[in-house]
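Take a look at the structure below.
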Amino acid sequence: MLHARHIKHCRACGSEVDYLVPADDNRERAVCPACGTVHYVNPLNVVGTVPVWQDRVLLCRRNIEPRYGLWTLPAGFMELGETTEQGAVRETDEEAGARVELEGLFAVLNVVRVGQVHLFYRARLLDTDFHPGPESIEVRLFEESQVPWDELAFRTVRETLLRYFEDRRRGQFRLHTADIA
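Here the numbering used here is used: position 115 in the sequence shown is 1006, and no number is missing along the way.
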């Protein structure tokens, strides 16, 4: 579980903060006694894609920690000033050098333990001219039977891929939501 008391000093004035429940709130926050600034800590959004070419899914082998050397879908932290869709396309380009067309939001996964929400979009690869970006060792297309299930970096990736292949077999894609413990 994330520890909520990691802010020590006010970002506005530098004073040491106190932890208390503000009068108009319902939970403890870091509050600056000097300038009154209330500091909120909220979950981070991770955005990415399930990029597909025919019957294969594009995966990236991680060149960074955490989970160096393991396989993942192209995804990363959303940036300020971009939509979830723009972030998913950007991350796919940065990690896999892949050009995609989004085909709809596919999975929303709450990872409460680390304070993240993962959003994956189904995406159609526009071509097979892809290459590893700086955060990837290797980028490769996998049929379902070839997916390195025991070498996937994150449970959110595993859950997303399982749901993707299940929906594909059924011939109908839907939006999936889940809580990852």
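By construction, the Cβ of each residue, glycine as well, lies at the ideal position given by its N, Cα and C atoms.
Query                                                                                                                                                                               : Result
Could you check whether Ala998 and Thr940 sit closer than 8 angstroms to each other, using their CB atoms as the reference points?                                                  : no
Please state whether the Cβ-Cβ distance between Glu976 and Leu1000 is less than 8 angstroms.                                                                                        : no
Can you tell me whether Gly995 is buried or exposed, with buried defined as 16 or more other CB within 10 angstroms of its CB?                                                      : exposed
Under the rule that 16 or more other beta-carbon atoms within 10 Å means buried, what is His1022, buried or exposed?                                                                : exposed
Using 8 angstroms as the threshold, is the C-beta distance between Val1048 and Thr963 below it?                                                                                     : yes
For the structure I just gave you, are there three or more beta carbon pairs, one from the segment 941-954 and one from the segment 964-971, closer than 8 angstroms?               : yes
Taking Cβ positions, are Ile955 and His930 nearer each other than 8 angstroms?                                                                                                      : no
For the segment 936-1024, which segments carrying the alpha helix (DSSP H) assignment without a break, of at least 4 residues, lie completely within its bounds, in sequence order? : 975-987
For Gln1037, name the three-state secondary structure that DSSP assigns.                                                                                                            : helix
Looking at the structure shown, is Arg1061 part of a helix, part of a strand, or coil, going by DSSP?                                                                               : helix
Name, in chain order, the residues that DSSP records as bridge partners for Arg1030.                                                                                                : A small correction: the amino acid at residue 1030 is Val; Arg does not occupy that position in the sequence shown. Paired residue(s): Cys951.
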